[in-house]
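Asks:
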Amino acid sequence: MWSWFHFTVNDILLFQSWKIDTTWKMIISCTGIYLLGILLEAIKLVRKKFDSKSSTKSSLTTNDTTFMKIAYRQMFQIGLFMIQLIINYLLMLIFMSYSIWFGTAVIFGITTGSYVFA
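Going by the numbering used here, 643 is the number at position 29 of the sequence shown; the sequence numbering is gapless.
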């Protein structure tokens, strides 16, 4: 485990079995990290739109069907939040590997996603 930023290709990403020892593995891993950053911003947008949509449709009825719809909406929101939280922590751990290549992929992925979905 590195304690400083480095440019080397020989690295381990998140798990001992995920060894990056060739340039192609580094390119594929950085592409996946980049897409994960874009996915994070897409999930944020979906949560934001879903929250604004559900807040405008709130009603105070006691109908069982309405209650089930609200319960499903809340479960969906919780699921999206959980996925967003997992991706956030994965990207943080990837950045903390101190690889310049991985860190750049994280930054560019989140920035691209923010630009595309803003």
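Beta carbons are placed, not taken as given, at the ideal position from N, Cα and C, and that holds for glycine.
What residue range is occupied by the uninterrupted alpha helix (DSSP H) comprising threonine 726?
Replies: Reading the sequence shown from its first residue, position 112 is the one you call residue 726. Run containing threonine 726: 714–731, per the alpha helix (DSSP H) assignment.
Asks: When we look at the beta-carbon of leucine 628 and count the other beta-carbons within 10 Å, is it buried (16 or more) or exposed?
Replies: Locating residue 628 in the sequence shown gives position 14, counting from the first residue. Exposed, because fewer than 16 other Cβ atoms sit within 10 Å of the Cβ of leucine 628.
Asks: For glycine 693, does the count of other Cβ atoms within 10 angstroms reach 16, so buried, or fall short, so exposed?
Replies: Locating residue 693 in the sequence shown gives position 79, counting from the first residue. Exposed, by the Cβ-count rule.
Asks: So, valine 720 versus glycine 646, is the Cβ gap smaller than 8 Å?
Replies: Residue numbering aside, residue 720 sits at position 106 when the sequence shown is read from its first letter. Residue numbering aside, residue 646 sits at position 32 when the sequence shown is read from its first letter. Their beta carbons are not under 8 Å apart, which means valine 720 does not touch glycine 646 by this criterion.
Asks: Please report how far the alpha carbon of threonine 622 lies from the alpha carbon of phenylalanine 681, in whole angstroms.
Replies: In the sequence shown, counting from the first residue as 1, residue 622 sits at position 8. In the sequence shown, counting from the first residue as 1, residue 681 sits at position 67. For threonine 622 and phenylalanine 681, the distance between alpha carbons rounds to 55 Å.
Asks: Specify the secondary structure class of aspartate 635 as computed by DSSP and reduced to three states.
Replies: Position 21 of the sequence shown, counting from 1, holds the residue named residue 635. Note: aspartate 635 maps to coil in three-state DSSP.
Asks: Between glutamine 698 and isoleucine 657, what straight-line distance do the alpha-carbon atoms span, to the nearest angstrom?
Replies: In the sequence shown, counting from the first residue as 1, residue 698 sits at position 84. In the sequence shown, counting from the first residue as 1, residue 657 sits at position 43. Rounded to the nearest angstrom, the two C-alpha atoms are 7 Å apart.
Asks: Which one of Phe690, Cys644, Leu654 and Tyr729 has the shortest CA to CA distance from aspartate 665?
Replies: Locating residue 665 in the sequence shown gives position 51, where the first residue counts as 1. The option with the nearest alpha carbon to aspartate 665 is Phe690.
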